[in-house]
Amino acid sequence: MKKKEDDLNALKKRLKMLPTEHPQTAELQREKQSYEQLDLIIQLHQKVLDLEKELEGALLDKQGKSTSQALPTISTTETAVVSVTTAEAAKTIGPDSCTSMEELTKAIKEMELQANELKEAKKKLADLDAKYDKSKMTMAEQGREIKALKEKVKILERELRLETAIAEINRILWARIDQSVTRQWKSINIMHEQMDLIGQAQTELQRAKIVLENRPELANRLIDFLNRQTQEELAAMNIVNRTEAVLTVKKVLTLRSYVQTLERKCHEIQAEVDEYKVKMGALQARGLPSLLNSTGKLLPLDQYKNRMSTFVENQITASSSTSEEAGPPTGQMLLQKLENIFFIGNEIHHLFEVPPNFYRHTEADETLVKIRRHQMPKEDWWQAMLQILPR
């Protein structure tokens, strides 16, 4: 019985004993761990090299492109893997590791530090990219705001220079001038017709004076001579009828009378024309557009209205460009701009104290017609009459 108990106890002890290990088993286990650690180190080193290449490529892209592009960031998972793997590697290294294993562990930690530095560098680069993009967006917005502000400043400057108000005043004043010109156009037309008549009269007067020369003096002598001769004396000179001869001689005096009358009428008309020209000259000096075309003739009213409208718009545009350089207007500048227009409007309204008419024109034209129709004594008869005059 005791023997059986001893056998059972021996069996139990045997069951509790650890299995017997081969003497080289521990050494093989350490070599296996070393190979695994070396493989892990190689993998980590390759990952660090890949991260360095990725960062270098991102930096080159950043330098070569004008627009910012988001650089690939280091995955936190990769870093975690490196850290975890390194930690596992450190755990697998037993307390009996050799000096070379400690150096490997140190190298792994340095690699981890480099990986962390790479991560920080990429993070900073990504932040810089984001700031650069935001800065570009901000600059574009600022550019649009600056452009809008410049436009607003221009509008405010125009308002400060009273461009809109002055342009509106100019148009109102010139519209009134246009109305005054329309009311005065009939009188203006009369004056220009009288100018044309004076031109025609001057031509006829010059021709008549050439024809007359000294004949009026000789005609007076002939009339005096004929009235002192008897019928027999006149018959001896081949003059049949004294009265007819005197009437023929008086044709010279009649032409001289026509010339004198026409000159007087032209002088009266010329006085009115000169007064009109002085007033129109003053108005045109102040800015009123010319009433004449390229040939010196008076424009039709509708054409003159178009000319005036074009002139006003050009004047407003020129005044606006000038005021941009001169700055805000002063009271003196406003007065200078508007004074001429007020002057033109007032003078046009009172251009004629008494509206002209065609009375003098008709009388002068009647005399002009008489001169054109008048017939002088025939040249051979006139020369024969001069032969009988005593020397």
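Counting in the numbering used here, the sequence shown runs from 13 upward without gaps. No residue lacks a Cβ here, since even glycine has one placed at the ideal position from N, Cα and C.
Inter-segment contact for the stretch 269–288 and the stretch 207–216 is present: three or more beta-carbon pairs are separated by less than 8 Å. For L310, the pairing in a beta bridge is given by DSSP as L304. With 16 or more other CB atoms across the displayed protein chains lying within 10 angstroms of its CB, Q206 is buried. Excluding the 5 residues flanking it on each side, R298 has same chain C-beta neighbours closer than 6 Å at N352, F355 and I356, in chain order.
E280: member of the alpha helix (DSSP H) spanning R254 to A297, first to last residue. Here E365 is not near L295, since their CB atoms are 9 Å or more apart.
A straight line joining the alpha-carbon of S321 with that of R195 spans about 17 Å.
Closest in C-alpha terms to V193, from the list K309, K349, L300 and I328, comes L300. The Cβ atoms of L259 and H386 do not sit closer than 9 Å to each other.
Around the beta-carbon of I158, fewer than 16 other beta-carbon atoms lie within 10 Å, marking it exposed.
For Q387, there is no enclosing alpha helix (DSSP H), as DSSP marks it with neither H nor E.
For M292, the number of other beta carbons within 10 angstroms of its own is at least 16, and it is reported as buried.
The shortest C-alpha to C-alpha distance from N182 to any of L347, H362 and G69 is the one to L347.
No residue range can be given for M249, since it is assigned to no alpha helix (DSSP H) and is classified by DSSP as neither H nor E. Rounded to the nearest whole angstrom, the CA to CA distance from W186 to A152 is 46 Å. The beta carbon of R319 is closer than 6 Å to those of P301 in its chain, skipping five residues each way along the sequence. For the set N253, L234, K277 and Q55, the Cα lying nearest the Cα of Q395 is the one of L234. Three or more Cβ pairs closer than 8 Å define a contact, and the stretch 309–316 falls short of that threshold against the stretch 223–230. The shortest CA-to-CA distance from Q399 to any of N305, F237 and I383 is the one to F237.
Counting only the Cα atoms, Q344 lies some 27 Å from L363. If you draw a straight line from the Cα of K65 to the Cα of K118, it is about 23 Å long. Around the beta carbon of Y316, 16 or more other beta carbons sit within 10 angstroms, so the residue counts as buried. The distance from the Cβ of R372 to that of I281 is about 5 Å, consistent with a contact at the 8 Å cut-off. The C-alpha of M397 is placed about 10 Å away from the C-alpha of E391. C-alpha of N369 to C-alpha of M249: approximately 53 Å in a straight line. Just so you know, the alpha carbons of H279 and T255 end up roughly 35 Å apart.
If you ignore the 5 residues before and after A257, its C-beta comes within less than 7 Å of the C-beta of L238 and I251, all in its own chain and listed in chain order.
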